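The structure appears below as C-alpha coordinates.
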Amino acid sequence: MRSGCIPMKKTVILKDSNSDHGWQRTPEALFHALKEGGYESDIVNFEISMLVNEKEKWKDALFFNTVVGKMGAKTQAIVAAVLQSLGYDFVGSSSKTHFLCLDKSITKAILKEYGIPTPRFDVFDGSRYLLQTEFDVPVFIKPSSEGSGIGINENSLIMKKDLISSRVQKLYERFHQKILVEEHLPGREFTVGIIGNAPHLTVLPILEIDLSDLPEGIEKYYSERVKEDYADETRYFCPANLPFQLYEEIRDITYRTFEVLECRDFARIDFRLDSQNKPYVIEVNSLPGLDPINSDLPKMAKAMNSDYKDLVIKITQVALSRISKG
1 MRSGCIPMKK
11 TVILKDSNSD
21 HGWQRTPEAL
31 FHALKEGGYE
41 SDIVNFEISM
51 LVNEKEKWKD
61 ALFFNTVVGK
71 MGAKTQAIVA
81 AVLQSLGYDF
91 VGSSSKTHFL
101 CLDKSITKAI
111 LKEYGIPTPR
121 FDVFDGSRYL
131 LQTEFDVPVF
141 IKPSSEGSGI
151 GINENSLIMK
161 KDLISSRVQK
171 LYERFHQKIL
181 VEEHLPGREF
191 TVGIIGNAPH
201 LTVLPILEID
211 LSDLPEGIEK
221 YYSERVKEDY
231 ADETRYFCPA
241 NLPFQLYEEI
251 RDITYRTFEV
261 LECRDFARID
271 FRLDSQNKPY
281 VIEVNSLPGL
291 DPINSDLPKM
301 AKAMNSDYKD
311 LVIKITQVAL
321 SRISKG
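Under our numbering, think of the first position of the sequence shown as 1, with each following residue one higher.
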(Lines of atoms letter the chains of each structure in order from A and count residues from 1; the text may use other names and numbers.)
(Lines give C-alpha, C1' and ligand atoms only; values in the text may rest on other atoms or scores of the structure.)
Protein backbone atom coordinates (compact mmCIF):
# COMPACT_ATOMS: atom_id res chain seq x y z
CA MET A 1 0.00 0.00 0.00
CA ARG A 2 3.01 2.32 0.18
CA SER A 3 3.38 4.86 -2.57
CA GLY A 4 6.82 5.57 -3.99
CA CYS A 5 6.15 9.30 -4.12
CA ILE A 6 5.40 9.56 -0.40
CA PRO A 7 8.56 9.96 1.73
CA MET A 8 9.11 7.40 4.47
CA LYS A 9 9.64 8.56 8.04
CA LYS A 10 10.35 6.89 11.34
CA THR A 11 7.07 6.75 13.24
CA VAL A 12 6.92 7.50 16.96
CA ILE A 13 3.86 6.60 19.00
CA LEU A 14 3.31 8.80 22.04
CA LYS A 15 1.60 7.02 24.90
CA ASP A 16 0.45 7.70 28.44
CA SER A 17 1.40 4.90 30.79
CA ASN A 18 -1.49 5.82 33.09
CA SER A 19 -4.26 5.65 30.46
CA ASP A 20 -7.08 3.11 30.61
CA HIS A 21 -6.84 -0.36 29.10
CA GLY A 22 -8.12 0.52 25.63
CA TRP A 23 -5.73 3.40 25.19
CA GLN A 24 -2.84 1.28 26.52
CA ARG A 25 -3.63 -1.36 23.88
CA THR A 26 -3.64 1.18 21.04
CA PRO A 27 0.11 2.03 21.00
CA GLU A 28 1.07 -1.64 20.73
CA ALA A 29 -1.46 -2.21 17.96
CA LEU A 30 -0.22 0.83 16.03
CA PHE A 31 3.38 -0.27 16.50
CA HIS A 32 2.78 -3.72 15.04
CA ALA A 33 0.66 -2.39 12.15
CA LEU A 34 3.32 0.16 11.20
CA LYS A 35 6.13 -2.41 11.43
CA GLU A 36 4.14 -4.83 9.31
CA GLY A 37 3.57 -2.03 6.81
CA GLY A 38 7.30 -1.43 6.49
CA TYR A 39 7.70 1.60 8.75
CA GLU A 40 10.38 1.89 11.41
CA SER A 41 8.49 2.57 14.62
CA ASP A 42 8.97 3.23 18.32
CA ILE A 43 6.75 3.76 21.38
CA VAL A 44 7.68 6.42 23.94
CA ASN A 45 5.96 7.92 26.96
CA PHE A 46 4.82 11.47 26.35
CA GLU A 47 7.14 13.84 28.23
CA ILE A 48 7.58 17.47 27.18
CA SER A 49 11.16 17.49 28.47
CA MET A 50 12.02 14.53 26.24
CA LEU A 51 10.60 16.24 23.16
CA VAL A 52 12.52 19.44 23.98
CA ASN A 53 15.85 17.83 24.87
CA GLU A 54 15.97 15.19 22.15
CA LYS A 55 14.96 17.22 19.10
CA GLU A 56 17.87 15.98 17.06
CA LYS A 57 16.85 12.38 17.67
CA TRP A 58 13.21 12.91 16.67
CA LYS A 59 13.50 15.73 14.11
CA ASP A 60 12.60 13.53 11.14
CA ALA A 61 9.93 11.46 12.88
CA LEU A 62 6.20 11.30 12.32
CA PHE A 63 4.34 11.26 15.64
CA PHE A 64 1.13 9.42 16.49
CA ASN A 65 -0.63 10.69 19.60
CA THR A 66 -2.51 8.21 21.79
CA VAL A 67 -2.35 10.43 24.91
CA VAL A 68 -5.86 11.64 25.75
CA GLY A 69 -6.21 12.22 29.50
CA LYS A 70 -2.81 12.95 31.02
CA MET A 71 -3.48 16.71 31.31
CA GLY A 72 -7.27 16.79 31.57
CA ALA A 73 -10.01 17.08 28.97
CA LYS A 74 -7.87 19.15 26.60
CA THR A 75 -4.92 16.73 26.52
CA GLN A 76 -5.04 15.84 22.83
CA ALA A 77 -5.02 19.55 21.91
CA ILE A 78 -2.15 20.27 24.31
CA VAL A 79 -0.06 17.43 22.88
CA ALA A 80 -0.65 18.76 19.36
CA ALA A 81 0.30 22.27 20.51
CA VAL A 82 3.55 20.98 22.02
CA LEU A 83 4.45 19.10 18.85
CA GLN A 84 3.60 22.13 16.69
CA SER A 85 5.60 24.54 18.82
CA LEU A 86 8.67 22.28 18.59
CA GLY A 87 8.33 21.84 14.84
CA TYR A 88 7.51 18.13 14.81
CA ASP A 89 5.37 16.44 12.18
CA PHE A 90 2.41 14.48 13.49
CA VAL A 91 -0.67 12.59 12.33
CA GLY A 92 -4.01 14.30 12.72
CA SER A 93 -5.49 17.72 13.21
CA SER A 94 -3.84 20.89 14.46
CA SER A 95 -4.10 22.00 18.07
CA LYS A 96 -6.59 24.68 16.96
CA THR A 97 -8.97 22.10 15.53
CA HIS A 98 -8.62 19.86 18.58
CA PHE A 99 -9.41 22.77 20.91
CA LEU A 100 -12.49 23.63 18.84
CA CYS A 101 -13.77 20.06 18.67
CA LEU A 102 -13.12 19.41 22.37
CA ASP A 103 -15.60 22.15 23.24
CA LYS A 104 -18.93 20.87 21.96
CA SER A 105 -20.63 24.26 22.35
CA ILE A 106 -18.02 25.96 20.15
CA THR A 107 -18.17 23.14 17.61
CA LYS A 108 -21.94 23.48 17.37
CA ALA A 109 -21.76 27.27 17.10
CA ILE A 110 -19.37 26.96 14.14
CA LEU A 111 -21.54 24.33 12.46
CA LYS A 112 -24.60 26.51 12.93
CA GLU A 113 -22.79 29.51 11.43
CA TYR A 114 -21.99 27.48 8.30
CA GLY A 115 -25.50 26.08 7.96
CA ILE A 116 -24.56 22.53 8.94
CA PRO A 117 -27.47 20.90 10.79
CA THR A 118 -26.93 20.37 14.51
CA PRO A 119 -29.60 20.16 17.23
CA ARG A 120 -30.65 23.41 18.88
CA PHE A 121 -28.71 24.05 22.05
CA ASP A 122 -28.09 26.30 25.01
CA VAL A 123 -25.04 26.60 27.26
CA PHE A 124 -24.86 27.02 31.01
CA ASP A 125 -21.52 28.43 32.17
CA GLY A 126 -22.24 29.20 35.82
CA SER A 127 -23.19 32.83 35.26
CA ARG A 128 -26.91 32.05 35.20
CA TYR A 129 -28.47 30.05 37.98
CA LEU A 130 -31.73 29.48 36.16
CA LEU A 131 -31.38 28.22 32.63
CA GLN A 132 -33.93 29.57 30.16
CA THR A 133 -34.05 27.37 27.07
CA GLU A 134 -35.80 28.42 23.89
CA PHE A 135 -37.08 24.92 23.15
CA ASP A 136 -39.21 22.35 24.86
CA VAL A 137 -38.36 18.98 26.39
CA PRO A 138 -37.02 16.43 25.90
CA VAL A 139 -33.53 17.85 26.19
CA PHE A 140 -30.16 16.19 26.66
CA ILE A 141 -27.45 17.57 28.94
CA LYS A 142 -23.73 16.81 29.05
CA PRO A 143 -20.42 18.49 29.90
CA SER A 144 -19.18 20.52 26.95
CA SER A 145 -15.57 19.34 27.10
CA GLU A 146 -15.65 15.66 28.06
CA GLY A 147 -15.62 12.54 25.89
CA SER A 148 -16.15 8.77 26.13
CA GLY A 149 -19.54 9.25 27.77
CA ILE A 150 -18.05 10.98 30.83
CA GLY A 151 -20.72 13.02 32.59
CA ILE A 152 -23.54 11.28 30.71
CA ASN A 153 -25.81 9.16 32.88
CA GLU A 154 -29.42 8.11 33.41
CA ASN A 155 -30.33 11.73 34.30
CA SER A 156 -28.94 13.24 31.09
CA LEU A 157 -32.19 12.87 29.15
CA ILE A 158 -34.68 15.27 30.73
CA MET A 159 -38.40 14.90 30.03
CA LYS A 160 -39.73 17.65 32.34
CA LYS A 161 -38.80 21.28 31.86
CA ASP A 162 -38.83 22.07 35.58
CA LEU A 163 -35.96 19.59 36.10
CA ILE A 164 -33.57 21.22 33.65
CA SER A 165 -32.18 23.91 35.95
CA SER A 166 -31.44 21.65 38.94
CA ARG A 167 -29.85 18.87 36.87
CA VAL A 168 -27.71 21.29 34.89
CA GLN A 169 -26.58 23.00 38.09
CA LYS A 170 -25.67 19.64 39.63
CA LEU A 171 -23.65 18.64 36.57
CA TYR A 172 -21.90 22.01 36.56
CA GLU A 173 -20.92 21.63 40.22
CA ARG A 174 -19.40 18.23 39.43
CA PHE A 175 -17.35 19.23 36.36
CA HIS A 176 -16.89 23.01 36.73
CA GLN A 177 -17.14 23.55 33.00
CA LYS A 178 -19.80 24.63 30.52
CA ILE A 179 -22.83 22.35 30.34
CA LEU A 180 -24.45 21.78 26.98
CA VAL A 181 -28.25 21.62 26.92
CA GLU A 182 -29.35 20.17 23.60
CA GLU A 183 -32.61 19.40 21.88
CA HIS A 184 -32.97 15.61 22.03
CA LEU A 185 -33.53 13.83 18.74
CA PRO A 186 -35.43 10.51 18.84
CA GLY A 187 -34.07 8.85 15.70
CA ARG A 188 -31.33 6.39 14.77
CA GLU A 189 -27.71 7.04 15.70
CA PHE A 190 -24.72 6.79 13.35
CA THR A 191 -21.03 7.51 13.37
CA VAL A 192 -19.04 8.25 10.22
CA GLY A 193 -15.30 7.96 9.72
CA ILE A 194 -13.48 10.11 7.20
CA ILE A 195 -9.87 9.87 5.99
CA GLY A 196 -7.87 12.24 3.82
CA ASN A 197 -7.35 15.93 3.19
CA ALA A 198 -9.28 18.15 0.83
CA PRO A 199 -9.91 17.68 -2.00
CA HIS A 200 -9.11 13.96 -1.60
CA LEU A 201 -11.46 12.73 1.14
CA THR A 202 -12.88 9.26 1.70
CA VAL A 203 -15.94 8.58 3.83
CA LEU A 204 -15.80 5.10 5.37
CA PRO A 205 -18.88 2.85 5.55
CA ILE A 206 -21.43 4.40 7.90
CA LEU A 207 -21.76 2.63 11.25
CA GLU A 208 -25.13 2.45 13.00
CA ILE A 209 -25.19 2.08 16.78
CA ASP A 210 -28.23 0.19 18.06
CA LEU A 211 -28.91 0.19 21.80
CA SER A 212 -32.41 -1.26 21.62
CA ASP A 213 -31.32 -4.59 23.17
CA LEU A 214 -30.10 -3.04 26.42
CA PRO A 215 -31.87 -4.32 29.56
CA GLU A 216 -35.05 -2.61 30.65
CA GLY A 217 -34.33 0.39 32.88
CA ILE A 218 -30.97 1.13 31.21
CA GLU A 219 -30.77 4.36 29.26
CA LYS A 220 -30.84 3.86 25.48
CA TYR A 221 -27.99 6.24 24.73
CA TYR A 222 -24.21 6.19 25.07
CA SER A 223 -23.76 6.97 28.75
CA GLU A 224 -20.62 6.23 30.71
CA ARG A 225 -22.02 3.01 32.16
CA VAL A 226 -23.46 1.84 28.82
CA LYS A 227 -20.03 2.19 27.20
CA GLU A 228 -18.29 0.43 30.09
CA ASP A 229 -20.80 -2.21 31.20
CA TYR A 230 -23.05 -3.02 28.24
CA ALA A 231 -20.70 -3.29 25.28
CA ASP A 232 -21.85 -6.85 24.60
CA GLU A 233 -25.49 -5.74 24.35
CA THR A 234 -24.67 -2.92 21.92
CA ARG A 235 -25.26 -3.86 18.28
CA TYR A 236 -23.38 -2.36 15.35
CA PHE A 237 -24.46 -2.41 11.73
CA CYS A 238 -21.83 -1.49 9.16
CA PRO A 239 -22.54 -0.51 6.54
CA ALA A 240 -25.77 0.89 7.93
CA ASN A 241 -28.96 0.09 6.03
CA LEU A 242 -29.88 3.51 4.65
CA PRO A 243 -31.87 4.86 1.72
CA PHE A 244 -29.43 6.17 -0.86
CA GLN A 245 -30.65 9.77 -0.51
CA LEU A 246 -30.09 9.72 3.27
CA TYR A 247 -26.67 8.11 2.80
CA GLU A 248 -25.68 10.89 0.39
CA GLU A 249 -26.94 13.57 2.77
CA ILE A 250 -24.92 12.16 5.69
CA ARG A 251 -21.85 11.77 3.48
CA ASP A 252 -22.09 15.36 2.20
CA ILE A 253 -22.54 16.76 5.73
CA THR A 254 -19.50 14.74 6.82
CA TYR A 255 -17.37 16.32 4.07
CA ARG A 256 -18.55 19.82 4.95
CA THR A 257 -18.04 19.35 8.69
CA PHE A 258 -14.50 18.00 8.21
CA GLU A 259 -13.57 20.97 6.03
CA VAL A 260 -15.29 23.70 8.07
CA LEU A 261 -13.51 22.60 11.25
CA GLU A 262 -10.21 22.24 9.33
CA CYS A 263 -9.73 18.63 10.36
CA ARG A 264 -6.72 16.78 8.97
CA ASP A 265 -5.95 13.18 8.02
CA PHE A 266 -8.82 11.45 9.84
CA ALA A 267 -11.82 12.17 12.05
CA ARG A 268 -15.14 10.71 13.14
CA ILE A 269 -18.48 12.50 13.14
CA ASP A 270 -21.54 11.41 15.12
CA PHE A 271 -25.08 11.83 13.78
CA ARG A 272 -28.60 11.37 15.02
CA LEU A 273 -31.84 11.52 13.04
CA ASP A 274 -34.87 13.56 14.02
CA SER A 275 -38.47 12.31 13.79
CA GLN A 276 -38.49 13.12 10.07
CA ASN A 277 -35.25 11.17 9.42
CA LYS A 278 -33.24 14.33 8.90
CA PRO A 279 -29.57 13.90 10.00
CA TYR A 280 -27.94 16.24 12.53
CA VAL A 281 -24.33 16.39 13.68
CA ILE A 282 -24.10 15.59 17.40
CA GLU A 283 -20.33 15.59 17.96
CA VAL A 284 -17.06 15.74 16.06
CA ASN A 285 -14.12 13.62 17.20
CA SER A 286 -10.91 15.09 15.77
CA LEU A 287 -8.80 12.27 17.26
CA PRO A 288 -10.90 9.11 16.98
CA GLY A 289 -9.72 6.03 18.80
CA LEU A 290 -7.67 3.40 16.98
CA ASP A 291 -8.10 0.55 19.44
CA PRO A 292 -8.31 -2.54 17.20
CA ILE A 293 -11.03 -4.16 19.32
CA ASN A 294 -13.39 -1.44 20.55
CA SER A 295 -12.89 1.60 18.32
CA ASP A 296 -15.31 2.41 15.52
CA LEU A 297 -12.88 3.16 12.66
CA PRO A 298 -11.51 -0.41 12.54
CA LYS A 299 -15.12 -1.69 12.37
CA MET A 300 -15.71 0.60 9.37
CA ALA A 301 -12.49 -0.52 7.70
CA LYS A 302 -13.50 -4.16 8.12
CA ALA A 303 -16.78 -3.42 6.33
CA MET A 304 -14.77 -2.39 3.26
CA ASN A 305 -12.56 -5.50 3.43
CA SER A 306 -9.59 -3.68 4.97
CA ASP A 307 -7.84 -4.91 8.08
CA TYR A 308 -6.40 -2.88 10.93
CA LYS A 309 -2.98 -2.63 9.30
CA ASP A 310 -4.52 -1.29 6.09
CA LEU A 311 -6.37 1.40 8.06
CA VAL A 312 -3.27 2.53 9.97
CA ILE A 313 -1.07 2.59 6.86
CA LYS A 314 -3.71 4.56 4.94
CA ILE A 315 -3.88 7.21 7.69
CA THR A 316 -0.08 7.33 7.79
CA GLN A 317 0.17 7.78 4.03
CA VAL A 318 -2.44 10.53 4.09
CA ALA A 319 -0.50 12.41 6.79
CA LEU A 320 2.84 12.01 4.99
CA SER A 321 1.31 13.19 1.71
CA ARG A 322 -0.06 16.31 3.43
CA ILE A 323 3.30 17.02 5.07
CA SER A 324 5.24 16.53 1.83
CA LYS A 325 3.08 19.19 0.15
CA GLY A 326 3.85 21.69 2.90
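Think of the CB as a built atom: it goes at the ideal place given N, C-alpha and C, for glycine as much as any other residue. Values in this document were obtained by computation on a predicted structure and should not be read as measured data.
Within the same chain, Cβ atoms closer than 6 Å to the Cβ of F266 are found at I195, I315, the five residues on either side in sequence being excluded. Taking a C-beta distance under 8 Å as the contact criterion, A231 and E208 do not qualify as a contact pair. Only residues of its own chain outside the window of five on either side were considered, and among them E219 have a CB closer than 6 Å to the CB of E154, listed in chain order. With contact defined as three or more Cβ pairs closer than 8 Å, the region 98-106 and the region 42-52 are not in contact.
The region 239-277 contains, as complete alpha helix (DSSP H) runs of 4+ residues, the segments 244-260 (chain order). By the beta-carbon neighbour count (other beta carbons within 10 angstroms, threshold 16), H176 is exposed. Bounds of the beta strand (DSSP E) holding P279 are 279-285. Membership of A319 in any beta strand (DSSP E) is not indicated; the residue belongs instead to the alpha helix (DSSP H) covering 308-324. Secondary structure note for Y172: its alpha helix (DSSP H) is the uninterrupted segment 164-175. Inter-residue distance for E216 and N294 is about 24 Å (C-alpha atoms, whole angstroms). In the DSSP assignment, N65 forms a beta bridge with L14.
DSSP, read as helix, strand or coil, puts T191 in strand. For V123, no alpha helix (DSSP H) segment is defined; the enclosing uninterrupted segment is the beta strand (DSSP E) at 121-124. The beta carbon of I116 sits closer than 7 Å to those of I253, R256, T257, V260, V281, all from its chain and outside the five residues before and after it, given in chain order. In this model, F64 and S223 are separated by some 28 Å (Cα to Cα).
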